Amino acid sequence: MTLLEPHNLPFAIALTALFGIGLLQIIGAGDFFEGAGDIEIDLDADVADGLEASGFADGAMSILGLGRVPFLIWLSSLLFVFTVIGVVGQALIDGSTGSPLSAGLAAILAGTASLPLNGILVRPIEKLLPKDETAAVGLQSLVRRDAIIQTGTSRQGSPARAKVKDAFGHPHFVMVEPHDAHAELTEGETVLLVRREGELFFGVRYENPLLKP
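Each residue of the sequence shown is one higher than the last, beginning at 32 in this note's numbering.
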């Protein structure tokens, strides 16, 4: 029995995806992985800031290991576990019954088993990672930090996309409107984020009277 046989197709695809992630890291697809890190941090921040996830959601995330390590590490581990469980399971079933399970059924069973098992396996990985790489930050902590307007002109009622780095140096992309209703914040301009309403931030230029002693 080999990985290329039809009943092992889901596991071959998973292993190919795992190799693809590794290849992207090797060739230096840094922006892609940096962006994925931002999504993870912002997701954790939303939960910490006000979504107040239910006990069920907290329990599910804990079992799955989500949030313990960067998402791509979690995903890579899951793909590996899924592949191993699937291929080994198919080999054992084939040896005991004379024929393996169908690819679809094997994928469902392997996926069901690999999710909680992966949650257990990422726990020791979490301890090996630098703490500042996995620390989640609240969106409120981005207030009073510099942001660079990335795209378009920010006006009242028409926010523009801006890049801001948190205390750990992780970049976040947020939507910014001028604090002054009559001001405009142009592309490439560095502004100070002075307040936040939900996911919308408000910024001022450094010559704004708000910043004068």
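For every residue, glycine included, the Cβ atom is placed at its ideal position computed from N, Cα and C. This one's a predicted model, so the numbers in the text were calculated from it and none came from an experiment.
Give me whichever residues DSSP pairs with residue i in a beta bridge.
{"i": "R192", "result": "T182 and M206"}
{"i": "D211", "result": "DSSP, once it has assigned bridges, lists no residue as partnering D211."}
{"i": "G234", "result": "P209 and L224"}
{"i": "L173", "result": "Note: L173 sits in no beta bridge, so no partner."}
{"i": "L35", "result": "For L35, which the question treats as bridged, DSSP gives no partner whatsoever."}
{"i": "L97", "result": "V100"}
May I ask which residues mark the beginning and end of the alpha helix (DSSP H) holding residue i?
{"i": "V222", "result": "V222 -> not in any alpha helix (DSSP H); beta strand (DSSP E) instead, spanning T221 to E228."}
{"i": "G135", "result": "A134 to L159"}
{"i": "I104", "result": "F102 to T128"}
{"i": "P41", "result": "L40 to I57"}
My assumption, with CB atoms under 8 Å, is that residue i sits in contact with residue j. Please give the rounded CB distance.
{"i": "G117", "j": "P41", "result": "7 Å"}
{"i": "H201", "j": "L173", "result": "10 Å between Cβ atoms; not a contact."}
{"i": "I156", "j": "V100", "result": "5 Å"}
{"i": "G135", "j": "I179", "result": "With a Cβ gap of about 48 Å, G135 and I179 do not count as contacting."}
{"i": "F102", "j": "A45", "result": "Not a contact, Cβ separation roughly 16 Å."}
{"i": "I139", "j": "P131", "result": "So it is not a contact: roughly 14 Å between Cβ atoms."}
Under 8 Å, do residue i and residue j count as touching if we go by C-beta distance?
{"i": "H38", "j": "A144", "result": "no"}
{"i": "H210", "j": "R226", "result": "yes"}
{"i": "F232", "j": "L224", "result": "yes"}
{"i": "A43", "j": "L54", "result": "no"}
{"i": "V195", "j": "D177", "result": "yes"}
{"i": "V207", "j": "G188", "result": "no"}
{"i": "A198", "j": "L110", "result": "no"}
{"i": "R154", "j": "G96", "result": "yes"}
{"i": "S108", "j": "L152", "result": "yes"}
Practice problem: For the stretch 131-149 and the stretch 175-187, state whether three or more C-beta atom pairs, one from each stretch, are separated by less than 8 Å. | Solution: No, they do not touch.
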